[in-house]
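Asks:
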Amino acid sequence: MNDLPVYEVLRQAAINWPQRPAVIDEYGTMTFDMLWNETELLKAQLQQQGVTTGHAVGMKAHNGRYFIIGLFAVAGCGAAVMPLYHLLKKEETAQCIADAGLHFLLEEYIGITNENDQREPLALSGGGFYFSPTTINADYPFAPLVDHPVFVRFTSGTTGTSKGVVLSQKTVIDRIEAANRGLELGPEDVVVWVLPMAYHFVVSIVLYVRFGAAIAVVSDFLARNIIRMTNDHNGTMIYASPLQIRLMAHDKSEEQLPSLKKIISTSAGIGVDVCNDFRARFGKDVSQAYGIIEIGLPMMNLRKSAEHPDAVGYALPGYDIGILDDNYQPLPPGHTGYLGIRGPGMFDAYLKPAKRSAAVLVNGYFLTADYASKTEDGLVKIEGRAKSVINVSGIKVFPEEVEAVIETYPGILQAKVSSVPHPLMGQLIEAEIVVEKNADINIEKVMTYCRQKLSNFKAPQRMRVVESLEMTSTGKLKR
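In the working numbering, each number is its position in the sequence shown, counted from 1, plus 352.
(1) What residue from ILE644, ILE616, LEU691, GLY635 has the CA that sits closest to LEU654's CA?
(2) Taking the DSSP output, what are the residues bridged to PRO501?
(3) Reducing DSSP to helix, strand and coil, say where MET777 ends up.
(4) Thinking C-beta only, is LEU394 closer than 7 Å to ILE421?
(5) Rounded C-beta distance between GLY587 and LEU547? I'm assuming under 8 Å.
(6) Here's a check: name, in chain order, each residue in its chain whose Cβ is nearer than 7 Å to the Cβ of VAL558, leaving out the five neighbours to either side.
(7) Checking 7 Å against the spacing of the C-beta atoms, do PRO496 and SER520 come in under that value?
(8) Quick check: what's the CA-CA separation for GLU443 versus GLY746?
(9) Which of the three DSSP states, helix, strand or coil, is assigned to ASN415?
(10) What are the boundary residues of the beta strand (DSSP E) that ASP625 is part of?
(11) Taking the C-alpha atoms as reference points, what is the distance between GLY776 and ARG598?
(12) Could you check how far apart the C-beta atoms of ARG576 and ASP603 are, in whole angstroms? I think they sit under 8 Å.
(13) What do you get for ALA791, buried or exposed, if any count of 16 or more other CB atoms within 10 angstroms of its CB means buried?
(14) Which same chain residues end up closer than 6 Å to ASP677 when comparing Cβ atoms and leaving out the 5 residues on each side of it in sequence?
(15) Going by the beta-carbon positions, is the gap between LEU806 and VAL772 smaller than 7 Å?
(16) Whole angstroms is fine: what's the gap from GLY480's alpha carbon to LEU440's?
(17) Note down the Cα distance separating PRO435 from LEU356, rounded to an integer number of angstroms.
(18) What alpha helix (DSSP H) runs, 4 residues minimum, are completely inside the segment 523 to 585?
(19) Just confirm the distance between the C-beta atoms of LEU780 and ARG816, as a whole number of angstroms; I'd bet it's less than 8 Å.
(20) In the structure shown, what three-state DSSP assignment does MET386 receive?
(21) Identify whether TYR761 lies in helix, strand or coil by the three-state DSSP scheme.
(22) Do the CB positions of LEU649 and VAL555 come within less than 7 Å of each other?
(23) With a Cβ-Cβ cutoff of 7 Å, do LYS810 and VAL741 count as a contact?
(24) Can you find at least 3 beta carbon pairs, one from the segment 394 to 404 and one from the segment 365 to 383, that sit closer than 8 Å?
(25) For the alpha helix (DSSP H) containing TYR359, name the first residue and the last one.
(26) Where do the N-terminal and C-terminal ends of the alpha helix (DSSP H) with ARG325 fall, by residue?
(27) In the DSSP assignment, the alpha helix (DSSP H) including LYS442 goes from what residue to what residue?
(28) Where GLU460 and ILE567 are concerned, what is the direct C-alpha to C-alpha distance, given to the nearest angstrom?
(29) Would you mind stating whether VAL504 and LEU458 have Cβ atoms separated by less than 7 Å?
(30) Are the beta-carbon atoms of VAL786 and GLY763 separated by less than 7 Å?
(31) Compare the C-beta of PRO493 with all C-beta atoms of chain C and state if any pair is closer than 7 Å.
(32) Using DSSP's beta-bridge definition, name the partner residues of SER725.
(33) So, for ILE464: in the same chain, excluding its five sequence neighbours on each side, which residues have a beta-carbon less than 6 Å away from its beta-carbon?
(34) For the structure I just gave you, are there three or more beta carbon pairs, one from the segment 664 to 673 and one from the segment 482 to 497, closer than 8 Å?
(35) Expressed to the nearest angstrom, what Euclidean distance is found between the alpha-carbon atoms of ALA432 and ASN415?
(36) Leaving aside the five residues before and after VAL518 along the sequence, list all residues of the same chain whose C-beta is less than 6 Å from its C-beta, in chain order.
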């Protein structure tokens, strides 16, 4: 097998569909041939900078062609890439680099390079990237447990502790081939993109390129712009969070979506009322999908989305969905238990602490930390989600990270971050703080401090002082 099959995905797409649209964004339409040529140009520049097998590169780029070019160019060097949300603050970016052990940072730029900037500009047509080494020793190999690592992303995991999930080149290919047995995308499809690419890039961007589907990038998630982009480019699928679907369902125009074949909800559970409102507005059923970075997209509700919009669907071919008891043995249909999944495209290893996937699995199942039930015919419904992870507009926030920032504020002894429901955003972040005796704490100043240190979606919207926080018997914060 080619050692770089992820990069081969783009090369083959350029051979198979050279003049077909690959990306439609704020700059216009880019064909697969153009996408390949620009990626080759960036790859050559990265190689000149010394990027090669064993390295890991952090990449910051906003939704659009440059994100995709950067992702494939790093993969083409044989290195691993960790997409970073483009709105991360400087301190957050530095923390990601340190946590993951990234050797280089690639940051998208627009316009003229600052002559005093110490970063190396890598120019492309109409834009490009800044490139800079980090303080991580380039001779220290990234994720040595994994053969040809290509992607890494930090996620919560079953204990609530943030872990780096590492995927190899082979795993990515196995995963997207399995997922498209359900999605059934091809070169006639146009996927309307509204999610942050930094958090959704394997069973989405790479998959779409692999099967020749165009990616139409919406500039924001306003309902009118999603509808306009879909109709202007004959969009056949929208892959969105419940927030975007809710906004579309409440759109007051009379525009319909005649070309749309699928609208798939992901990243968080969606309410039945939202699905019903969308169906009433557009005459289309919303299908839930269950995606998880450790496995990919093993479940999708394309068969019974009208009757059961609250279900995440059926296992795709090749996947086994287990509803497990306290001993991790399968429960009969109709019972609620731990949700375990096994099948193709399983992650290769955790980065911190370093651990191969085989050491994590239980009876071959990955335990998701969700509780679920399954009907006699295999339809799965999530009954309860892990409490620690907070979903803000489809973006996952780790409370431990926010708590760590709050606790750096002078006079604050301890913090606990949780969520409160919000009808539009899904969840908002709330913080409880314990302060030092006689400390003069101004809540508004603390919240401003958080907004300076954290991305807006992570900063608490509510905060209150409490006398103490409940702890477990082992001295951990009780959630």
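Yeah, the Cβ is synthetic: ideal placement off N, Cα and C, and Gly gets one too. Since the structure is predicted, the reported quantities are computational estimates derived from the model, not experimental observations.
Replies: Well, looking at it:
(1) Walking along the sequence shown from the start, residue 654 turns up at place 302. That would be ILE616, whose Cα lies nearest to the Cα of LEU654.
(2) One-based indexing of the sequence shown puts residue 501 at position 149. Answer is SER520, bridged to PRO501.
(3) In the sequence shown, residue 777 corresponds to position 425, counting from 1. MET777 falls in the coil class under three-state DSSP.
(4) Counted from its first residue, the sequence shown places residue 421 at position 69. Counted from its first residue, the sequence shown places residue 394 at position 42. Yes, these two residues count as a Cβ contact at 7 Å.
(5) Taking the first residue of the sequence shown as 1, we reach residue 587 at position 235. Taking the first residue of the sequence shown as 1, we reach residue 547 at position 195. No, GLY587 and LEU547 are not in contact; Cβ-Cβ is about 14 Å, not under 8 Å.
(6) Counting from one through the sequence shown, the residue named residue 558 turns up at place 206. Here the set comprises VAL358, VAL361, VAL524, ILE528.
(7) As a first step, residue 496 must be located in the sequence shown, where it is residue number 144. As a first step, residue 520 must be located in the sequence shown, where it is residue number 168. No, they are not a contact pair.
(8) Numbered from 1 along the sequence shown, position 91 holds the residue referred to as residue 443. Numbered from 1 along the sequence shown, position 394 holds the residue referred to as residue 746. Those two C-alpha atoms are separated by around 23 Å.
(9) One-based indexing of the sequence shown puts residue 415 at position 63. Correct three-state label for ASN415: coil.
(10) As a working mapping, residue 625 is identified with position 273 in the sequence shown. Per DSSP, ASP625 belongs to no beta strand (DSSP E); it is in the alpha helix (DSSP H), 624 to 634.
(11) Indexing the sequence shown from 1 puts residue 776 at position 424. Indexing the sequence shown from 1 puts residue 598 at position 246. A quick correction: the sequence has Leu, not Gly, at residue 776. LEU776 and ARG598: Cα-Cα distance of roughly 8 Å.
(12) Counting from 1 along the sequence shown, the entry for residue 576 is found at position 224. Counting from 1 along the sequence shown, the entry for residue 603 is found at position 251. Indeed they touch by this definition, with Cβ atoms about 7 Å apart.
(13) To locate residue 791, count along the sequence shown from 1; it is residue 439. When all chains shown are included, ALA791 counts as exposed.
(14) Here residue 677 is taken as the residue at index 325 of the sequence shown, counted from 1. Within the same chain, Cβ atoms closer than 6 Å to the Cβ of ASP677 are found at LEU683, GLY689, the five residues on either side in sequence being excluded.
(15) Your numbering for residue 806 matches position 454 in the sequence shown. Your numbering for residue 772 matches position 420 in the sequence shown. Cβ atoms of LEU806 and VAL772: not closer than 7 Å.
(16) Your numbering for residue 480 matches position 128 in the sequence shown. Your numbering for residue 440 matches position 88 in the sequence shown. Each residue's Cα considered, the two are about 19 Å apart.
(17) If you number the sequence shown from 1, residue 435 lands on position 83. If you number the sequence shown from 1, residue 356 lands on position 4. If I take the Cα positions, the gap works out to 18 Å.
(18) 559 to 562, 575 to 584
(19) Position 428 of the sequence shown, counting from 1, holds the residue named residue 780. Position 464 of the sequence shown, counting from 1, holds the residue named residue 816. About 14 Å separates the two Cβ atoms, so there is no contact after all.
(20) Here the question's residue 386 lines up with position 34 in the sequence shown. Here MET386 sits in helix by DSSP.
(21) Within the sequence shown, residue 761 is the residue found at index 409, counting from 1. Looking at TYR761 - three-state DSSP - the assignment turns out to be coil, as it is neither helix nor strand.
(22) Within the sequence shown, residue 649 is the residue found at index 297, counting from 1. Within the sequence shown, residue 555 is the residue found at index 203, counting from 1. In contact: LEU649 and VAL555 (Cβ atoms closer than 7 Å).
(23) Residue numbering aside, residue 810 sits at position 458 when the sequence shown is read from its first letter. Residue numbering aside, residue 741 sits at position 389 when the sequence shown is read from its first letter. No, the Cβ-Cβ distance between LYS810 and VAL741 is not below 7 Å.
(24) no
(25) Along the sequence shown, one-based indexing puts residue 359 at 7. Counting along the chain, the alpha helix (DSSP H) containing TYR359 begins and ends at 357 to 368.
(26) It is not possible to answer for residue 325, since the shown part of the chain is limited to 353 through 831.
(27) As a first step, residue 442 must be located in the sequence shown, where it is residue number 90. Counting along the chain, the alpha helix (DSSP H) containing LYS442 begins and ends at 442 to 452.
(28) Position 108 of the sequence shown, counting from 1, holds the residue named residue 460. Position 215 of the sequence shown, counting from 1, holds the residue named residue 567. Computed Cα separation, rounded: 19 Å.
(29) Here residue 504 refers to the residue found at position 152 of the sequence shown. Here residue 458 refers to the residue found at position 106 of the sequence shown. No; because the gap between Cβ atoms is not below 7 Å, this pair is not in contact.
(30) As a first step, residue 786 is located in the sequence shown; it is residue number 434 there, counting from the start. As a first step, residue 763 is located in the sequence shown; it is residue number 411 there, counting from the start. Cβ distance not < 7 Å, so VAL786 and GLY763 don't count as in contact.
(31) Any reference to chain C falls outside this structure, which holds one protein chain only.
(32) Position 373 of the sequence shown, counted from the start, is the residue given in the question as residue 725. THR688, LYS733, per the DSSP bridge assignment.
(33) Indexing the sequence shown from 1 puts residue 464 at position 112. Confidence is the limiting factor: at ILE464 the pLDDT is only 46, short of 50, which leaves the residue's position unreliable, though a coordinate-based value still follows. Non-local beta-carbon contacts of ILE464 in its own chain, meaning distances under 6 Å to residues more than five positions away in sequence, are absent.
(34) Taking a contact to require three or more Cβ pairs closer than 8 Å, the segment 664 to 673 and the segment 482 to 497 do not qualify as touching.
(35) The residue given as residue 432 occupies position 80 in the sequence shown. The residue given as residue 415 occupies position 63 in the sequence shown. When rounded, the distance between both Cα atoms is 20 Å.
(36) Start at 1 with the first residue of the sequence shown, and residue 518 comes out as number 166. Excluding sequence neighbours, VAL518 sits near ALA495, VAL498, PRO501, VAL504, ASP700, ALA701, LEU703.
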